[in-house]
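Peer 1: Whatever position you read off the sequence shown (first residue = 1), add 1170 for the numbering used here. Pasting a structure below so you can have a look.
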Amino acid sequence: AISSRSPSCPLNCNAGTCKIVQDRGPICICPAQYTGSRCEHYRCSQHCKNKGMCYVDLAAPHPTDSQPPLRCSCSPQWTGERCETPVNLCEGRCFNGGTCFVPKPGLPVCNCRAGFAGPRCQNCAGLACENGGVCAKEGPKETCKCPRGYRGRSCETSVCGKNGAPVVTPGGIRCSCSPGYAGDNCEQVSCYQLCQNGGVCRTGGKQPECECPRFYGGRRCEVDLCAGPEPPEECADKCTCRNNGTCVVVSRKPVCKCTDTYGGLNCEVYVGNANPCTDYCRNGGVCQMVHLHSTPTCVCTDTWTGRYCEQMAACANYCQNGGTCAVSDGIPYCQCPQGYEGIKCHQAMASPDEAVMQKDSGRGILVPVILAIVVIVAVLVAFVVFDCFYRKRQSFSHERLQENDFNNPMYQDRDAEPFTLDADKSGNFANPVYESVYNGTGTGKEEKAVLLQHTADETPPPAPEEI
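In structure tokens:
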């Protein structure tokens, strides 16, 4: 409650409550999230580094005269009490010689060698290992190295059967059984933590059954009948608040929000100034008590869950095996404890001596693919060069001429009619040099000596009168 100045207790305590203490006078009683003489300091301010989420651990033991400690819920890439230490996400991440890199913050990726696959290169090409198993190759043989608590060719069989999951402890393997089951291997039907919302477990048949209280149903009494789309008529009288309590609807459930001095489901219990519900629930949750000495419980809104409504609803039952859940942009993610991995911390990690780690880091499946592409390109280039060379050689074909006669008139001068020129025609031209040489006009012996002489077997030049 936010206090204001009054004659009896004049201090302005901001988010705290002013109280007059004997021998001390007025003081401020601060809620768990605030400190200071006037409750003026918000404890979570800049407490967590690197976008860690701060919360007050009300369940942690602490002296009565001090406030409960602060805790930080870190993102996957940070660790430490205040999220101040970076996490090496690639350390021991990839099996079978895979190469690790981080393309985005908090997202390690493995580049596997040829013949291996899986998010961590834990699978062989012909054998996929389950439940944290890692595949190993010994020549052509492929086998799965299973973590403790699992067996089978693919590590598919749990020693706890179908009703539990193995958990590695310093004392060995133990089974974490599902609700309704018990025993060393979760083979026994049990009432332990089976019924919810005050339901009573009854045994006698093959399986235990829950006897649910009014307004609740389901196999484990987990269904609030008044929160359904068609609630029964008696749900209208479900919220009957006394002593100035206010009936409010939280997550479609009517609850009584009591004053500081009263508690109980209907605000019927007087608790005085030492109300355990004071600042017990966070983020708009409503605190309830069955009686004066009972443990307070919180009724949370739709977007929050947890014992103190400190966890976003998206994280409800999301992380397994003790993983810590946080929400980023509406998407839950888990920070797994040592020995577990996976999106929900549901896989047990193989120990170093159980995993087959090879020291040489390969280039993954890209190497054979690139080599295959180079070979294909080389073959294509060789084929193109050969085809061009072959076509070039075939472009010229040398064949011997046939012994045929020529019909060209220039080679048939003996059979052709005499060729004459008419000097009187305007289209004919006379060559004076030719006339002087071959017709004997004005040509001496010394001029004819430069002319080629005919042999006896050659055809004599035509007579001047034939030209």
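Beta carbons: idealized from backbone N, C-alpha and C, even for Gly.
1. Who are R1372's beta bridge partners in DSSP?
2. Which same chain residues end up closer than 7 Å to V1226 when comparing Cβ atoms and leaving out the 5 residues on each side of it in sequence?
3. Measure the CB-CB distance between F1432 and Y1440 and report whether it falls below 9 Å.
4. Just the Cα atoms here: how many angstroms apart are G1331 and A1352?
5. Can you name the start and end residues of the beta strand (DSSP E) that V1425 belongs to?
6. Per DSSP, which residues does L1297 bridge with? Please list them.
7. E1300: which of G1309, A1542, E1312 and G1322 sits nearest, CA to CA?
8. Using only CA atoms, which one of K1274, V1191, C1218 and T1234 lies nearest to E1251?
9. Just list the residues that DSSP pairs C1479 with in beta bridges.
10. So, using beta-carbon positions, are A1306 and N1258 closer together than 9 Å?
11. If the criterion is Cβ atoms closer than 9 Å, does the pair S1328 and Y1503 meet it?
12. Do G1387 and L1364 have their beta-carbon atoms positioned less than 9 Å apart in this structure?
13. Please report how far the alpha carbon of C1382 lies from the alpha carbon of R1372, in whole angstroms.
14. If we ignore side chains and look at the alpha-carbon of each, how far apart do C1179 and E1210 end up?
15. May I ask which residues mark the beginning and end of the beta strand (DSSP E) holding F1271?
16. If contacts are defined as beta-carbon pairs under 8 Å, then R1318 and V1338 qualify, I think. What distance do you get, rounded to the angstrom?
17. Kindly indicate the opening and closing residues of the beta strand (DSSP E) around M1223.
18. Between the C-alpha atoms of Y1478 and C1242, what's the straight-line distance to the nearest angstrom?
19. Do you know offhand how far A1185's Cα is from P1507's?
20. Could you tell me the distance, in whole angstroms, from the CA atom of N1445 to the CA atom of F1385?
21. When burial is assigned at 16 or more other CB atoms within 10 Å of the CB, is N1333 buried or exposed?
22. Per DSSP, what kind of secondary structure is Y1450 in: helix, strand or coil?
23. Whose CA, out of G1341, N1355 and G1296, lies closest to the CA of Y1320?
24. What do you get for Q1247, buried or exposed, if any count of 16 or more other CB atoms within 10 angstroms of its CB means buried?
25. Among residues of its own chain, excluding the 5 on either side of C1361, which ones have a beta-carbon nearer than 6 Å to its beta-carbon?
26. Less than 8 Å between the CB atoms is what I'm expecting for Q1517 and G1302, so what's the real figure, rounded?
27. Taking the beta carbon of L1541 as the centre, do at least 16 other beta carbons fall within 10 Å, making it buried, or is it exposed?
28. What does DSSP give as the partner residues of Y1212 in its beta bridges?
29. With distances taken Cα to Cα, identify the nearest neighbour of C1447 among N1453, E1438 and T1467.
Peer 2: The short version:
1. E1379
2. A1202, Q1203, P1238 and L1240
3. It is Tyr, not Phe, that sits at residue 1432 in the sequence shown. Contact: yes.
4. 12 Å
5. Here the beta strand (DSSP E) through V1425 covers K1423 to K1427.
6. C1294
7. Considering only alpha carbons, the answer is G1322.
8. C1218
9. For C1479, DSSP records no beta bridge to any residue.
10. Cβ atoms of A1306 and N1258: not closer than 9 Å.
11. Not closer than 9 Å, so no.
12. Contact: no.
13. For C1382 and R1372, the gap between their C-alpha atoms comes out near 11 Å.
14. 17 Å
15. T1269 to K1274
16. 6 Å
17. M1223 to V1226
18. 15 Å
19. Whole-angstrom Cα-Cα distance: 36 Å.
20. C-alpha separation (whole angstroms): 28 Å.
21. buried
22. DSSP places Y1450 in coil when its eight states are reduced to three.
23. For Y1320, the closest C-alpha among the options G1341, N1355 and G1296 is that of N1355.
24. buried
25. Once the five neighbours on either side are set aside, the close Cβ partners of C1361 are C1371 and P1378.
26. Right, the Cβ-Cβ distance comes to about 4 Å (below 8 Å), so this counts as a contact.
27. exposed
28. In DSSP, Y1212 forms a bridge with Y1204.
29. Residue T1467 is the option with its Cα nearest to C1447.
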